[in-house]
Amino acid sequence: MNTPQLAAGIGILAFRQLSGIAAFHKIVIRFYLGVVDITMTEPILDIRDIRVRYAGLPVIHGLSLTVGQGETVCVVGSNGAGKSTLLRAIMATQRTFEGEILFKGKAIHGLKTEDIVRLGIIYVPEEKMLFGPLSVEENLMLGAYVVQDKQRIQQNLDFVYSLFPRLEERRRQAASTLSGGEQQMVAIGRGLMSNPEMLMLDEPSLGLAPILVDEVLDTVGRLKKEGMTILLVEQNVREALVLADRGYVIQTGKIVAQGSGKELLDSDLFRSAFLGI
Ligand SMILES: Nc1ncnc2c1ncn2[C@@H]1O[C@H](COP(=O)(O)OP(=O)(O)OP(=O)(O)O)[C@@H](O)[C@H]1O
Ligand SMILES: [Mg+2]
């Protein structure tokens, strides 16, 4: 094993180790206090009472939400509820809003999208926006544009390939010739190339066959195990809430329910709105 490979290996192991310790502490705190609320620590993302309008028409009306470090939080809601708008507001690609958005305690509303990416938030939109003629690896490398250190870029690439071995096998293949699930892996992998501290995924399983849906959500589960902080919007609500630590239900731009994945799945509101029972 050469030096960069060794360094990458040590980096990944250290990351796993730290995530493991953090997860252990979370469990101890939960056990000791006997509570389910996980946001004991400062939330990494703290959205306070935001309002978004499109051409003067309100779409999000005073929405507050938190994501804790290492948490997987799922946002569910029917079509047009404002889920993608919420993620776009965080990334400042939709700039018309009032309220506050704090990331690691720092106000990010008003910053440029590029600066928000540099702070460590990555958004994988509904439309994957891959460059079809470029290879898998070229698409992945595009995600590393905010990272200067070549060794770090190689470590990130190794990490992405360790998560998605299939992408390594197909690294020279044109992105347009990949299956839908593989393209989603490239979109997520490209996000991971920039060393994000929080990954926001907008309907990663949209339009995929059921077997690929499982594969993509399994990928999200693996990232969660690696200690990644994830804000997930997903149509496959049952699977997503089983995977998530906590969830929020949005209806016409407002949070109408929140709780642990299990609490939401068992709630009357959720069962009637999403499961039709
Ligand atoms: N650029 C825009 N201009 C005007 N209205 C918009 C724009 N983008 C979204 N909207 C409207 O805002 C509302 C919320 O849209 P958004 O895309 O956030 O919903 P969503 O919850 O992500 O829905 P879906 O599950 O279908 O993706 C919808 O009524 C939509 O028509
Ligand atoms: Mg959407």
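Sequence positions in the sequence shown follow the numbering used here and run -15 to 261. All C-beta atoms in this analysis are idealised placements derived from N, C-alpha and C, irrespective of residue type, glycine included. Predicted, not measured: the structure shown is a model, and the values here were computed from it.
At least 3 beta-carbon pairs within less than 8 angstroms: the segment 72 to 82 vs the segment 223 to 242: By the criterion of at least three beta-carbon pairs nearer than 8 angstroms, the segment 72 to 82 is not in contact with the segment 223 to 242.
Under 5 angstroms, CB to nearest heavy atom of ligand 1: contacting residues: The set of residues with a C-beta under 5 angstroms from any non-hydrogen atom of ligand 1 comprises Y38, V43, N63, G64, A65, G66, K67, S68 and T69, given in chain order.
Enclosing alpha helix (DSSP H) for T203 [first to last residue]: Within the sequence shown, numbered from 1, the residue matching residue 203 stands at position 219. For T203, the enclosing alpha helix (DSSP H) has its first and last residue at P194 to K209.
First through last residue of the beta strand (DSSP E) which encompasses E218: In the sequence shown, residue 218 corresponds to position 234, counting from 1. Run containing E218: none; DSSP gives neither H nor E here.
G243 beta carbon less than 9 angstroms from that of R230: The sequence position of residue 230 within the sequence shown is 246, counting from 1. The sequence position of residue 243 within the sequence shown is 259, counting from 1. Cβ distance < 9 angstroms, so R230 and G243 count as in contact.
Coarse secondary structure for F81, derived from DSSP in three states: Translated into the one-based positions of the sequence shown, residue 81 becomes position 97. DSSP places F81 within a strand segment (E or B) once states are collapsed to three.
Element boundaries [beta strand (DSSP E), containing D250]: For the purposes of this step, residue 250 is taken as residue 266 along the sequence shown, with counting starting at 1. D250 -> not in any beta strand (DSSP E); alpha helix (DSSP H) instead, spanning G245 to D250.
Exposure of Y38, with buried meaning 16 or more beta-carbon neighbours within 10 Å: Along the sequence shown, read from residue 1 onward, the residue named residue 38 stands at position 54. Answer is exposed; the Cβ neighbour count stays below 16.
Candidates E110, D133, D142 and Q135, of which the one nearest L124 by Cα: Here residue 124 refers to the residue found at position 140 of the sequence shown. Of the listed residues, the one whose Cα sits closest to L124 is D142.
Bounding residues of the beta strand (DSSP E) (the contiguous stretch that carries V108): On the sequence shown, residue 108 is found 124 positions in, with the first residue counted as 1. Taken as a continuous stretch (DSSP letters only), the beta strand (DSSP E) holding V108 covers I105 to V108.
Cut-off 6 angstroms between Cβ atoms - residues of its own chain near R32, not counting five sequence neighbours on either side: Translated into the one-based positions of the sequence shown, residue 32 becomes position 48. Non-local beta-carbon contacts of R32 in its own chain, meaning distances under 6 angstroms to residues more than five positions away in sequence, involve S48, G83 and E84 in chain order.
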